[in-house]
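This report refers to the structure that appears directly beneath it.
Residue numbers (full-length UniProt numbering): 1 to 830.
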């Protein structure tokens, strides 16, 4: 059984690991390295590129498209089979390249774990790769180092460590070699150094007790690696659509030819008709349409400072109903700033300066702030340093003695309750100062108290120096909110997105920060929540809920509770302690610059600018992506259904099919796909972030989308079918009728796409993609109908086509567009 290292005496820890004060012999290190493995942290497993590519091919609609390509080859339509196969490859490569590019960008942000460590050996301290550390090694750490493994402190001198990435505690903590109680919470285990935390001041030697996955950081990594990504609403919709399409495709490609054969139609024509219907029924471009839409949306997000690591999370962003955010480093800057001095400013700053060593370049943040303020005031060290007593986690004090001529005196700083307990104050003054400190702490501010005393000649024992002190004053620090946080929280609230704060910090600090951010701040602690059943917990999780002293397990449970009741959850965080919740969330959002490597690896979205308002921009863009995706899918599927209707109507009338498979593939790739992709560049509706998100659990193909599909189907059928029927009945060559159908298809598509835009009257300059696509449609139609290039795709040159015929086709398309606009207006009122 592994000991509770924080509760074990330093000597007992050395004995337990059969190590000495100077570590292990090299042969023993090699043996243990083989036993324990490398000192590396597991994250979410990244598949090699070929596996990513294979997964792209395995998408349900991709598999259907592959089946259609195989059938084309079997029926001798090799050119069609090659075209479809090319579409499959392009789709798979596009998705794989996009996600690999995001992964490489994440790799470039890695900067947390220590690449090297300082190993203590009988020959002295030497630098070694951190990955080679084993339990039993003794390491030396000092200011500026990142702790490379979990280690039991053997000796320490004034060491202060930033553990915010692991515990959420924003104030540096002191460490020493004294054991603490076994049930001590993680943030208070002062005898342990944890992997991935940063040493801000002082130095220590420590015994490595855990490496790799066995460290606190490693346990979080293991939890992240084992977390299954929840499917997005879009993925669920595509799976449902694929099953429905498979049934429809089989039915269309089998039943229609069977009926034709029974009616005496030639078997080859019926096989071709069945294949054409299979092409028409299977939405073969839908996967690439969605991939391109999400990729374009991802690039737009990247320009706003948000790197989309998982493409399909872009659509999920638009459905987010709750944001669970960390406090330290996410809402706040994780940078303590001196905001007030209570007492005589010069005396307080002079005392603060004299608790620090002269000419010290490496100071912890609060010391640096005090030193800078003292120097700005013109203060400097005076006298000669005599003795120093570094910060002690038990006493919570730091003191330093000085000699000025024949006078000796001491400067003391530390936790207010400890300093005041050692000061010579009457009850009234002591009560007043304590009330002032309590008021500042209730506002979430950090307070350091200062005192001094003149020393008599004689002993300079610490106990003598740090008693009967003269109270000097207080220094007050604040971890300021990041710029734009209150506005961002307000914007999310207007958009119907709840914000909950879950942090490892103290309740007073968490409450104050939440209040300044504009939240109601209904405060609970992680310990309180751990005692609650799920049925009691669920109603407590609402907008403004603040959970303080939370562990990673608490945050993970909060995410699962919200998801269980149907919320779509986004989690924002920057620390390794946030990683399990980031991985479990529907959308994990990590900070890129200052975020922990494990947090970035677990996230779906990385904020490269570390700006919290970017979360609002990401949600807004997600809603726009979703809206345009629905619009594009409605356009695409409506056109698909219209195609099937036109084909069935022609067959029912005893006419040849209006389109051959190659026509369908090319039209949909260059026309349907082009128009659909143009939707993603549409500006967002002005009220998008003033409305609640769509209800959790709602289908992607909801009633409004299905109504739009139906309207598009009817209007496009009215644009194409009359043109084909009129031309086919009077044409001597079916190719002329097919060319007319293609022209009608292009004209109808262009006008209907314009009618489906974000809102009526939107200027064409608001989205240049639409006029560009329209110009392309006109050019393709002209080349196919009036030049020999049409022969390449089985179309004839329409030299005899009169102006009246072309005008008639355009009139039909315009009438269809007007009908579409009216139908959409009616559909929205359903």
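Just so it is clear, CB atoms sit at the ideal spot from N, CA and C, and this is done for glycine as well.
Practice task
Classify residue 413 as helix, strand or coil using the three-state DSSP reduction.
Solution key: Correct three-state label for residue 413: strand.
Practice task
Given a cut-off of 8 Å, decide if residue 154 and residue 331 are closer than it, judged by their beta-carbon atoms.
Solution key: Contact: no.
Problem - Own chain residues within Cβ distance below 8 Å of residue 377, not counting five before or after - result: Sequence-distant partners of residue 377 (beyond 5 residues in either direction) whose C-beta falls short of 8 Å from its own C-beta, in its chain, are 345, 346 and 349.
Exercise for the section: Going by CA-CA distance only, name the one from 706, 643, 782 and 628 that's closest to residue 754. Expected result: Nearest C-alpha to residue 754: 628.
Practice task
Assess, as a yes-or-no matter, whether the stretch 686 to 706 is touched by the stretch 614 to 625 under the definition of 3 or more beta carbon pairs within less than 8 Å.
Solution key: Yes, they touch.
Exercise for the section: Let me know the secondary structure DSSP gives residue 590 once reduced to three states. Expected result: For residue 590, the secondary structure class from DSSP, reduced to helix, strand or coil, is strand.
Problem - Alpha-carbon spacing of residue 797 relative to residue 625, whole angstroms - result: Note on residue 797: pLDDT 45, under 50, position unreliable in the model; the coordinate value appears next. Cα to Cα, residue 797 sits roughly 40 Å from residue 625.
Handout entry: residue 140 - containing beta strand (DSSP E), residue span
Key = Per DSSP, residue 140 belongs to the beta strand (DSSP E) from 138 to 142.
Handout entry: Test item: CB-CB of residue 706 and residue 306 under 8 Å
Key = Not a contact, by the Cβ cut-off of 8 Å.
Exercise for the section: Identify the continuous beta strand (DSSP E) that holds residue 696 and give its terminal residues. Expected result: Membership of residue 696 in any beta strand (DSSP E) is not indicated, and neither H nor E is assigned to it by DSSP.
Handout entry: Range covered by the alpha helix (DSSP H) that runs through residue 354
Key = First-last of the alpha helix (DSSP H) with residue 354: 345 to 354.
Exercise for the section: With a 10 Å radius around its C-beta and 16 neighbouring C-beta atoms as the bar for buried, classify residue 711 as buried or exposed. Expected result: The Cβ neighbour count for residue 711, taken over all protein chains shown within 10 Å, is at least 16; the residue is labelled buried.
Practice task
Pull up the distance between the alpha-carbon of residue 373 and that of residue 355, whole angstroms please.
Solution key: For residue 373 and residue 355, the distance between alpha carbons rounds to 14 Å.
Practice task
Under 6 Å Cβ to Cβ from residue 724, same chain only, skipping five residues before and after it: list those, please.
Solution key: Sequence-distant partners of residue 724 (beyond 5 residues in either direction) whose C-beta falls short of 6 Å from its own C-beta, in its chain, are 658, 737 and 741.
Problem - With 16 other Cβ atoms within 10 Å as the buried cut-off, status of residue 431 - result: With fewer than 16 other Cβ atoms from the protein chains shown falling within 10 Å of its own Cβ, residue 431 counts as exposed.
Exercise for the section: Using 10 angstroms around the beta-carbon of residue 580, count the other beta-carbons present and answer buried if the total reaches 16, otherwise exposed. Expected result: So residue 580 ends up on the buried side.
Handout entry: Rounded straight-line distance, which links the Cα of residue 696 to that of residue 566
Key = Looking at the two C-alpha atoms, the distance is approximately 6 Å.
Exercise for the section: Return helix, strand or coil for residue 389, following the three-state DSSP convention. Expected result: Looking at residue 389 - three-state DSSP - the assignment turns out to be strand.
Practice task
Label residue 112 either buried or exposed according to how many other C-beta atoms from any shown protein chain fall within 10 Å of its C-beta, with 16 as the threshold for buried.
Solution key: Low per-residue confidence applies at residue 112: pLDDT is 40, beneath 50, and the placement is therefore not dependable enough to give any value.
Practice task
Measuring alpha carbon to alpha carbon, tell me which of 506, 479, 575 and 454 ends up nearest residue 406.
Solution key: It is 454.
Practice task
Decide yes or no for the touch test of the stretch 2 to 9 against the stretch 175 to 187: beta carbon pairs closer than 8 Å, at least 3 of them.
Solution key: Yes, since at least three Cβ pairs between the stretch 2 to 9 and the stretch 175 to 187 fall closer than 8 Å, the two stretches touch.
Practice task
Given a cut-off of 8 Å, decide if residue 501 and residue 546 are closer than it, judged by their beta-carbon atoms.
Solution key: Taking 8 Å as the Cβ cut-off, residue 546 and residue 501 qualify as a contacting pair.
Practice task
Give the DSSP bridge partners of residue 545, in chain order.
Solution key: Answer is 522.
Handout entry: One or two residues paired with residue 174 in a DSSP bridge
Key = Bridge partners of residue 174: 160.
Handout entry: Buried or exposed (CB count within 10 angstroms, at least 16 for buried), residue 524
Key = By the 10 Å Cβ count, residue 524 comes out buried.
Practice task
Report the option in 411, 134, 365 and 117 whose CA atom is closest to the CA atom of residue 401.
Solution key: Closest by alpha carbon: 411.
Problem - Option in 304, 295, 329 and 324 with minimal Cα separation from residue 313 - result: Residue 313 has its Cα closest to that of 295, out of 304, 295, 329 and 324.
Exercise for the section: Measure how close the beta-carbons of residue 613 and residue 320 come, nearest whole angstrom, since I'm counting them as under 8 Å. Expected result: For a cut-off of 8 Å, the C-beta gap from residue 613 to residue 320 is around 15 Å, too long to register as a contact.
Exercise for the section: Rounded to whole angstroms, what's the CA-CA distance from residue 159 to residue 397? Just pull it up for me. Expected result: In this model, residue 159 and residue 397 are separated by some 13 Å (Cα to Cα).
Handout entry: CA-to-CA distance, residue 212 to residue 117, given in whole angstroms
Key = Rounded to whole angstroms, residue 117 to residue 212 spans 14 Å at the Cα level.
Problem - Assigned exposure category for residue 429 - 16 Cβ within 10 Å defines buried - result: So residue 429 ends up on the exposed side.
Handout entry: Unbroken beta strand (DSSP E) run spanning residue 567, endpoints
Key = Counting along the chain, residue 567 falls outside any beta strand (DSSP E), and DSSP gives it neither H nor E.
Exercise for the section: Give the straight-line distance between the Cα atoms of residue 602 and residue 149, rounded to the nearest whole angstrom. Expected result: Answer to the nearest angstrom: the Cα atoms are 21 Å apart.
Exercise for the section: Give me the Cα-Cα distance between residue 140 and residue 127, rounded to the nearest whole angstrom. Expected result: One alpha carbon belongs to residue 140, the other to residue 127, and they sit about 10 Å apart.
Handout entry: Option nearest residue 528 by Cα separation, candidates 518, 551 and 81
Key = It is 551 whose Cα lies nearest to the Cα of residue 528.
Problem - residue 15 versus residue 514: straight-line alpha-carbon distance, rounded - result: Looking at the two C-alpha atoms, the distance is approximately 47 Å.
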